[in-house]
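Counting along the sequence shown from 1, when you hit position 226 you're at 226 in the numbering used here, and nothing is skipped either side. By construction, the Cβ of each residue, glycine as well, lies at the ideal position given by its N, Cα and C atoms. A short write-up of the structure that comes next.
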Amino acid sequence: MNLDAHPTIRRLTGQASEGMHQEPAETALDAAWLRQLASDCGAADAGLVEIARPGLDPQREEILRNYPWTKSLLSLVLRMAREPLRGAPRSVANLEFHRTGHEVDEVCAAIVARLEERGVRAVNPSMGFPMEMYQNPGHAIWIVSHKPVAVEAGLGHMGIHRNLIHPRFGNFVLLGTVLIDRETTEYDHPIDYNPCLECKLCVAACPVGAIGPEGSFNFSSCFTHNYREFLGGFTDWVEQVTDARDAVDYRRRISEPETASMWQSLSHGANYKSAYCMAVCPAGEDVIGAYLHDRQRHLREVVRPLQERAEPVYVVPGSDAEVAAHKFKNKTIKPVGNGLRARTIAGLLNFMPFVFQPNQSQGLDAIFHFTFTGAERREATITIKNRTLEIEDGLVGEPDMHVTADAKTWLGFLAKEKSLLLALITRRVRLKGNPMLLLAFGKCFPSTGARHKHVEILPQPSMARSGSSRYLKNDPATGKIRWRGKLTLSDMADEAHEVKTFRFSPPGGGPIPFEYLPGQFVTLHIAPRGIPTKRSYTIASSPTWRDRIEITVKREGQGLVSRWLHDDLGIGD
């Protein structure tokens with residue numbers, strides 16, 4: 001068939017002749033219209049950035065590799081409710097993270113759909129997950145890094161805790177980005193001040209010391225604990241499952257609360273362990289008022305409950321976090337692996353700045369040359385000095401230690417899959433320099449995988465009283481739920497020989513908490529002489545009396561309940 005004769009082509013040609021609107025391919029989109037579109041779809045704020053912006057240099061190549069038609073990026077924020085994040089229960093905080101995260105993806109998808117209707121290509125990479133997992137480990141798994149885009153779009157700046165702080169909403173936001181194949185009439189730019197107050201509350205609240213008071217950030221400390229039930233921690237958990245000899249050995253490695261928590265993340269979405277840095281942050285015009293009004297209350301109600309919360313803290317053995325976590329007396333330190341295990345030399349060199357432990361490098365001042373051979377040839381110079389790390393391509397300067405290694409052998413050694421001693425004997429790894437320097441070097445990059453030592457983590461007690469809810473049966477006489485509760489003997493009167501009337505009222509006074517009809521029964525649940533007993537009596541009082549009920553009982557010589565009522569029951573019982 002001639003393509004022009006196909007019904008789809010003929011219908012489309014007819015629509016074009018009737019003036020159906022499609023944006024001309026080279027027309028710049030109106031920036032104000034795009035921002036309003038974002039607002040109409042549910043965004044709290046939005047900004048625009050051109051793909052050529054220097055601030056996008058680190059990620060431009062990856063964006064264009066996947067979507068080479070990208071010309072503009074629409075960055076947007078959605079607000080999170082603050083109080084769910086501030087409270088100690090992490091289940092409530094994670095519910096808000098998940099809810100807002102799904103909403104971000106839905107808002108971005110709605111924007112993409114509206115643009116598509118106008119003939120504009122657009123795509124929205126996920127707010128969080130899913131990501132490109134075949135690039136893991138060792139390389140970025142995201143298509144767009146939302147935070148730098150948001151900064152360039154004028155939506156805030158990074159705080160000392162490495163979260164974006166919006167000038168109005170603070171850090172209680174989640175971010176999304178829409179890639180667009182058109183230029184726009186104008187673009188936004190970073191705001192000229194940082195909303196971060198440098199109050200250091202995030203420093204005080206972080207259970208693993210990932211945030212340095214001078215502005216440093218220890219990525220691996222944060223990743224190991226807060227993201228315990230995400231990809232790296234999940235990998236470590238799987239390895240503990242497979243390595244365990246039996247169920248008893250597994251429970252020595254992983255406690256019952258940890259297993260239940262991992263199940264919850266697998267079933268209902270991965271949960272953050274902490275995010276306390278976000279919880280305590282008072283920055284932002286809409287947020288700061290209460291903090292300025294009463295800072296002590298903010299410390300008392302938000303910061304200290306998180307600091308004092310009893311919980312496990314996950315650390316890599318020998319890391320800076322293991323030392324930092326000791327300052328919290330209610331935290332239980334649990335040494336674990338974090339799955340940050342490179343499988344290529346390129347990935348290894350990318351990883352190193354993120355897993356470097358500054359405090360473990362104290363006193364080390366050395367230059368290391370690495371020459372990798374075999375499947376992946378690479379030369380690199382690594383300098384550790386003054387608790388800092390510098391990585392350079394090629395062999396630069398005079399080394400204190402030169403390591404020549406087969407790439408696969410070295411990576412296997414780091415993954416604890418190959419023996420360094422055997423590699424040295426077989427000359428797959430060769431050292432030139434003081435071997436003690438290699439030990440000092442390794443201390444700066446503690447092992448990412450190990451058998452879990454037994455650390456007792458007990459279920460935390462709850463103030464809620466457990467028990468199944470009772471079935472409440474309707475009363476046939478009134479058609480309403482039968483009442484069950486406590487009444488107090490407020491008066492009694494002799495009616496005749498061994499006949500008494502007993503008057504019962506609510507313990508705190510006021511009206512009785514139920515209605516009744518003439519001749520209806522009341523059932524007493526009592527324990528005369530310690531014997532649990534139930535006995536029903538006709539209500540003798542009028543239903544119009546709303547402050548008490550009365551029963552009249554004759555004392556029976558062999559009657560357990562009647563004798564107890566006559567002889568033992570007293571006013572106030």
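Residue i versus the options, residue with shortest Cα-Cα distance
i	options	result
residue 130	270, 526, 245, 345	270
residue 359	388, 348, 344	388
residue 401	75, 240, 369	369
residue 483	337, 525, 212	525
residue 458	423, 391, 342, 334	334
residue 111	38, 341, 201	38
residue 189	559, 393, 48	48
residue 92	268, 285, 405	268
residue 285	303, 489, 416, 156	156
residue 377	398, 351, 345, 297	345
residue 490	502, 497, 496	502
residue 68	106, 113, 123	123
residue 158	6, 341, 550, 198	198
residue 349	241, 151, 255, 139	139
residue 437	168, 185, 399, 134	399
residue 515	301, 549, 571, 283	549
residue 31	299, 154, 187	187
Endpoints, alpha helix (DSSP H) assigned at residue i
i	result
residue 652	Coverage of the chain is limited to positions 1 through 573, which leaves residue 652 absent and any answer about it impossible.
residue 223	219-226
residue 100	90-117
residue 361	Unbroken run through residue 361: none, as it is neither H nor E.
residue 253	247-253
residue 278	276-280
residue 236	231-243
residue 567	560-567
residue 425	420-425
residue 63	57-66
Expected contact under 8 Å - CB spacing of residue i and residue j to nearest Å
i	j	result
residue 90	residue 272	7 Å
residue 127	residue 87	Wrong, their Cβ atoms sit about 23 Å apart, outside the cutoff.
residue 613	residue 81	Only positions 1 to 573 of the chain appear in this structure, which leaves residue 613 out of reach.
residue 120	residue 180	7 Å
residue 232	residue 339	3 Å
residue 315	residue 225	7 Å
residue 533	residue 553	The pair is not a contact, with the Cβ atoms about 14 Å apart (cut-off 8 Å).
residue 76	residue 43	4 Å
residue 321	residue 218	7 Å
residue 229	residue 265	4 Å
residue 513	residue 559	29 Å between Cβ atoms; not a contact.
Distance between residue j and residue i (C-alpha atoms, nearest Å)
i	j	result
residue 586	residue 164	Outside the displayed range of the chain (1 to 573) lies residue 586, so it cannot be described from this structure.
residue 311	residue 331	5 Å
residue 259	residue 246	15 Å
residue 446	residue 108	40 Å
residue 74	residue 367	44 Å
residue 142	residue 421	38 Å
residue 362	residue 347	25 Å
residue 209	residue 395	34 Å
residue 351	residue 287	36 Å
residue 207	residue 307	7 Å
residue 236	residue 434	33 Å
residue 487	residue 507	6 Å
residue 234	residue 365	36 Å
residue 79	residue 385	42 Å
residue 248	residue 443	32 Å
residue 556	residue 566	10 Å
residue 137	residue 343	7 Å
residue 196	residue 169	12 Å
residue 116	residue 276	39 Å
Per-residue burial, residue i [other beta carbons within 10 Å of its own, 16 or more giving buried]
i	result
residue 494	exposed
residue 221	buried
residue 499	exposed
residue 278	buried
residue 291	buried
residue 84	buried
residue 27	exposed
residue 408	buried
residue 149	buried
residue 531	exposed
residue 406	buried
residue 521	exposed
residue 94	buried
N- and C-terminal bounds of the beta strand (DSSP E) containing residue i
i	result
residue 492	488-496
residue 385	378-385
residue 175	173-180
residue 522	521-526
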